[in-house]
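Participant:
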Amino acid sequence: MVNLLEQEKVEPLGNNRQLIVSPCHTFGTDAVLLANFAAVRKRDRACDMGTGCGIIPLIWSKGETGEVFALDIQPRAVDQLTRSIELNGLGGRITPMLCDIRQLKGLLEFGSFDLVTMNPPYKPVGTGIESLSEAQRIARHEITCNIDDAVSAASALLKYGGRFCMCHRPERLCDIICAMRSQGVEAKRLRFVFEREGREPWLILIEGRKGGKAGLRIEKNLIMKHADGSVTDEFRKMFGDYMDGHQ
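Quick note on the numbering used here: the sequence shown kicks off at 2 and runs consecutively.
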């Protein structure tokens, strides 16, 4: 049994996986959707940037994966994930790293990854209501990482033909596609996520391919809830027995 710090708790994820979460480093629906959208493959060498509590690598670990690196700039997040890895007996499968994705040279081998993901800060500095804690400001506002930083880091890490998957707000779509193309990562797959049927999308899921040819495929909309508020079958399937335990 690992030690828990003040305000931490263990969140069961299903499939015999448990994750340590805290008020500063927890996870939301967007990260779970991104983990599913990225669809890590059996032999993929993968990297999750800005991993926070490590929800994406932990979800991937329910199946077979290759080597997975989990990067974050916040020491508390990396320590929290390190203990989650110990809790689940995943040493050797997930490697947490304390680092700034703007300064990866010499830390990881460039051009060696099949898949890179990131659930980035959504809000530009100076917009929205800034959170009270420093950890929450870093997670939600582009203080230490913006879209250009994320795409640049992903492009450096990816091998030719490798995939970069991220989630973001729909209003930033043009910024993302432009940033990808400028770094040699072509947007290839896009999906809009709706919280409820009949409303505007609240999230986008996008995949770019390093060295890919032009041609973007728009996938069918992902709707989380029907108009009456009931959960859709697809959304329930993505959350699996985690959702069943939180009804």
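Built from N, CA and C at the ideal position, the CB exists for glycine as well.
Here's the rule: buried if 16 or more other CB atoms are within 10 angstroms of the residue's CB, otherwise exposed. What is residue 230?
Facilitator: When all chains shown are included, residue 230 counts as exposed.
Participant: Counting along the chain, where does the alpha helix (DSSP H) carrying residue 87 start and finish?
Facilitator: From DSSP, the alpha helix (DSSP H) with residue 87 extends over 76-89.
Participant: Between 122, 96, 200, which has its C-alpha nearest residue 46's C-alpha?
Facilitator: Minimum Cα distance to residue 46 is reached at 96.
Participant: Should residue 207 be labelled buried (16 or more other beta-carbon atoms within 10 Å of its own) or exposed?
Facilitator: Classification for residue 207: buried.
Participant: Distance check for residue 83 and residue 212, CA to CA, integer angstroms please.
Facilitator: Looking at the two C-alpha atoms, the distance is approximately 34 Å.
Participant: Which word fits residue 201, buried or exposed, when buried means at least 16 other C-beta atoms lie within 10 angstroms of its C-beta?
Facilitator: Exposed, since its Cβ has fewer than 16 Cβ neighbours within 10 Å.
Participant: How many whole angstroms separate the CB atoms of residue 173 and residue 210, which I take to be in contact at a CB cut-off of 8 Å?
Facilitator: That belief does not hold up - the Cβ atoms of residue 173 and residue 210 are roughly 20 Å apart, past 8 Å.
Participant: Check each candidate in 204, 81, 162 and name the one with the smallest Cα separation from residue 188.
Facilitator: Looking at the Cα atoms, 162 is the closest of the given residues.
Participant: Leaving out five residues before and five after residue 235 in sequence, what residues of the same chain have Cβ atoms less than 6 Å from its Cβ?
Facilitator: Cβ neighbours of residue 235 beyond the five flanking positions: none.
Participant: Under a Cβ-count criterion, where at least 16 other Cβ atoms within 10 Å of its own Cβ denotes burial, should residue 177 be classed as buried or exposed?
Facilitator: That one is buried.
Participant: With distances taken between CB atoms, is the gap from residue 51 to residue 72 smaller than 8 Å?
Facilitator: For residue 51 and residue 72, yes; Cβs fall inside 8 Å.
Participant: Could you tell me the alpha carbon to alpha carbon distance between residue 184 and residue 2, rounded to whole angstroms?
Facilitator: Taking the straight line from one Cα to the other gives about 44 Å.
Participant: Output the distance between the C-alpha atoms of residue 215 and residue 9, rounded to the nearest integer angstrom.
Facilitator: The alpha-carbon atoms of residue 215 and residue 9 are separated by roughly 45 Å.
Participant: Near residue 241, what residues of its chain come up, given a Cβ to Cβ distance below 6 Å and the 5 sequence neighbours on each side ignored?
Facilitator: The residues are 15.
Participant: Counting only the same chain and skipping the five closest in sequence on each side, list residues whose C-beta sits under 8 Å from that of residue 54.
Facilitator: Same-chain partners within the cutoff: 20, 21, 22, 23, 26, 27, 28, 78, 81, 82, 85.
Participant: Give the DSSP-derived three-state secondary structure of residue 29 in the structure shown.
Facilitator: Three-state DSSP puts residue 29 in coil, outside helix and strand.
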